[in-house]
Structures are given as structure tokens and as C-alpha cells.
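Peer 1: Numbering (mature numbering (1 follows the signal peptide of the UniProt record, and there is no 0)), first residue to last: -24 to -1, 1 to 350. Submitted below is the structure of interest, expressed as C-alpha cells.
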């Protein structure tokens, strides 16, 4: 049994044991709460003739079970997801509130890099997600400080949440295996993260400015040696009277000892190649409109990745998502119009990020994701 599976089972067992006292704890704020979600997804792809002939595809997306809560200064947070073809942990960690300002998290927790929540508004995420730098979760320890608008994250991650040859995972990590005829033998290890943000309250909203840095090693099992990897980012998240602006600029580099310009990564039961060095830029604008029954947030998320490798044939990858998120009671629906150019998952022939482009056009798709949360 994999170590992460054992960890998840032990977390679930702990949650079940603690939930026996949850009813008595309802009179206080302590107690482990059980929650989850069920989602379905509609997709219409203009570059897929079979999909177009059928008028799109409407399928089960995923179901999730979540445990979350505290007993005194100790707490638990975990989520496990089930899809039609596989299942995987998103996160699962225990935490301890050292004092009102500091918290320690141990287990599979969210890597502190980039904008503190997401650098996207849509179901489709932003380009950093496909490079391994948005909503990533790895196995390690994190210290979180928050006071008077200042927020500091310090973290060390020994490894990813699954082994390097596994492609069933929620977030993007380095992959060991064969992709498009190229063999990769890498895994991520010994990663350090630091992120500092400051949030200023102002009339009509707030603005958060921040910077992130990440450094780690890449172990190559063929060469039996380590390479290096790093990433840095500047980010802004500002809200004013229902409007929200997100900006982020980042640079990253993976030093694969066997391949100069590419590295293999995997996510959601798939694997692909990315340029081993480059920059990514994001500009997102959103407007949230409250209603009597919930809210509607409409947005445009734009991202571009510029490769910075020795091969001049490598091309930029671009993605633009225009959509609206509709919140009503326990439901949350995202309606997205996705345009991709030389970008994995959103184009027909370019299953990579930042490699030489096949063709020269924007591919388009409509994606509607409906979720019920409890």
C-alpha cells in the first residue's frame, strides 16, 4: 500500500473517531465536519469533429469527500476525489495553532507560491497550473503567520504527493516515464518555499501585494544525481466595489540533467512535456454581482507562457478564458469559453506547454461545470 494511501486512511480513521464527539462539540466551535461535492461537466470542442457531431459531451466530472475541523488547537483538513477513471488525494494534513498568529501544517498541504488563492477565476485554471505552480499540493511541513495584514508562508516539501511514475494526481508534478517517445527519469525532492504578502484595506475593498520564491532538487534515477529547479513570482490581487484585478509575473527553470530544453510532467491521469525554462504572465479581471439568490461573477482570464530555452523553434503558449461563475445555494456553476494556442488541454494538436507549435491557430471550446457542494 502506498504511503500516501496509508496516510489518507489514517486521516479518515482519525476523523471518524473524532466525529463521534462532534455532536457534543457542536455547542462549541470544535469538531470535525464532513463535507464534499459532486460535479458534472459539459464540453463542446470546435476542433473535435466527433464531439461536434454529437453536440458536445456531458459527463460525470468528480465526487469528493472532505474532512475539516478542530479540537482545541489541533485540526485536520483533507479532501479525496473520485473520477470516472481513477481516484486521488488533493490534500490531507494535520495542523496545530501555535498561537493566534502562527499555524503549523504537516502532510499534503498547498504549496505557497504565487497568488494566495488562485491566479485564475475559471474551472480551467491559469497557465501556471499546467507548469506546476498553481494550486499545487506536496508532502511536507508549512508554517503560516498572519497578523495586521502581513501573511508569511515558510515550507519544506520532501516530495510530491505521489511517486514520480504516477500520473493520477490533482496538481501538476514532475513525471518519470515516456512521453512522445522521450524517456524521462526525474522526480522532485527537497523543495523550499517562501511567500510574503501584505493586504491593505481601503474604501470599497482591499489589495494584496506579494512575492514568492521556490527552490528544490530534481533527482534523476538514470544518472543517480540531482539537478536544480527554481521559480520566483510577483503577484497582486485587488478588489474594489465588486471588481477584482489579478496580476502575476513569474519565471521558472527545471534543470533536467538528461534533456536540455524539456521536462515531463503529469496531472489528472495524463502526462505531457513543458519547456524546461520560461516565464508566465497572467492578467485577470472579474466583476461580482450579488443577487437575491446568490451571486454571479463574470471574468476574463488571460495567460501567456514564453519559453526561454536554447532551441529557437520553441513557441509561446497562450490561453484566454471568458466566463461566468454562478453561485446559488449549495450549487456553483462555471460557464467558460476557452481559447488556446500552442497549449495543452485546450488545443487539438499541441499537447504541451512552450514547445514548437503544430499549426498556427487558436482552438476554441465551451465548458460548463455544474457542482453541488455539501
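Note that CB positions come from ideal geometry on N, CA and C, so glycine has one too. The structure displayed is predicted, hence computed values, not measured ones.
With burial defined as no fewer than 16 other Cβ atoms inside 10 Å of the residue's Cβ, what is the status of residue 43: buried or exposed?
Peer 2: Here residue 43 corresponds to residue number 67 of the chain shown, with the count starting at 1. Buried, because 16 or more other Cβ atoms sit within 10 Å of the Cβ of residue 43.
Peer 1: Closest to residue 110 by CA distance: which of 118, 86 and 116 is it?
Peer 2: Here residue 110 refers to the residue found at position 134 when the chain shown is read from its first residue. The candidate whose alpha carbon is nearest that of residue 110 is 86.
Peer 1: Helix, strand or coil, according to DSSP, for residue 201 in the structure here?
Peer 2: Within the chain shown, numbered from 1, the residue matching residue 201 stands at position 225. Residue 201 falls in the strand class under three-state DSSP.
Peer 1: Applying the criterion that 16 or more other CB atoms from any shown protein chain within 10 Å of the CB defines a buried residue, is residue 333 buried or exposed?
Peer 2: For the purposes of this step, residue 333 is taken as residue 357 along the chain shown, with counting starting at 1. Result: buried.
Peer 1: Can you grab the Cα-Cα spacing for the pair residue 66 / residue 160, in whole Å?
Peer 2: Within the chain shown, the letter at position 90 stands for residue 66. Within the chain shown, the letter at position 184 stands for residue 160. So the alpha carbons of these two residues sit roughly 24 Å apart.
Peer 1: Tell me where the beta strand (DSSP E) around residue 105 begins and ends.
Peer 2: Here residue 105 is taken as the residue at index 129 of the chain shown, counted from 1. Element bounds for residue 105: not the beta strand (DSSP E) but the alpha helix (DSSP H), 103 to 107.
Peer 1: Would you give the residue range spanned by the alpha helix (DSSP H) that residue 28 belongs to?
Peer 2: Within the chain shown, numbered from 1, the residue matching residue 28 stands at position 52. Unbroken alpha helix (DSSP H) run through residue 28: 25 to 29.
Peer 1: Roughly how many whole angstroms lie between the Cα atoms of residue 106 and residue 258?
Peer 2: On the chain shown, residue 106 is found 130 positions in, with the first residue counted as 1. On the chain shown, residue 258 is found 282 positions in, with the first residue counted as 1. Taking the straight line from one Cα to the other gives about 13 Å.
Peer 1: For residue 219, write down the residues that DSSP places opposite it in a beta bridge.
Peer 2: As a working note, residue 219 is residue 243 in the chain shown. Answer is 216 and 263, bridged to residue 219.
Peer 1: In its own chain, which residues sit with a C-beta less than 7 Å from the C-beta of residue 49, not counting the 5 before and 5 after it?
Peer 2: Position 73 of the chain shown, counted from the first residue, corresponds to residue 49. Once the five neighbours on either side are set aside, the close Cβ partners of residue 49 are 72 and 73.
Peer 1: Please tell me whether residue 251 and residue 285 are closer than 7 Å, where the distance is taken between their beta carbons.
Peer 2: By 1-based counting over the chain shown, the position of residue 251 is 275. By 1-based counting over the chain shown, the position of residue 285 is 309. A contact, by the Cβ cut-off of 7 Å.
Peer 1: By DSSP, does residue 142 sit in helix, in strand, or in coil?
Peer 2: Sequence index remark: in the chain shown, residue 142 carries index 166 (1-based). Coil, per DSSP.
Peer 1: Apply the 10 Å Cβ neighbour rule to residue 184 and answer buried if 16 or more other Cβ atoms are within range, or exposed otherwise.
Peer 2: Counting from one through the chain shown, the residue named residue 184 turns up at place 208. Buried.
Peer 1: How many Å lie between residue 377 and residue 132 at the Cα?
Peer 2: Lying before the first or after the last residue shown, residue 377 is absent from the chain, which here runs from -24 to 350.
Peer 1: Going straight from the alpha carbon of residue 138 to that of residue 268, what length do you get?
Peer 2: Counted from its first residue, the chain shown places residue 138 at position 162. Counted from its first residue, the chain shown places residue 268 at position 292. Looking at the two C-alpha atoms, the distance is approximately 43 Å.
Peer 1: Once you ignore the five residues that flank residue 163 on each side, which residues in its own chain have a CB closer than 8 Å to its CB?
Peer 2: Walking along the chain shown from the start, residue 163 turns up at place 187. So the qualifying residues of the chain are 135, 136, 139, 140, 150, 152, 194, 195 and 197.
Peer 1: Ends of the beta strand (DSSP E) at residue 281?
Peer 2: For the purposes of this step, residue 281 is identified with residue 305 of the chain shown, where counting begins at 1. Per DSSP, residue 281 belongs to the beta strand (DSSP E) from 270 to 283.
Peer 1: If you follow the beta strand (DSSP E) that residue 346 is part of, which residue opens it and which one closes it?
Peer 2: Against the chain shown, residue 346 aligns to sequence position 370. Run containing residue 346: 339 to 349, per the beta strand (DSSP E) assignment.
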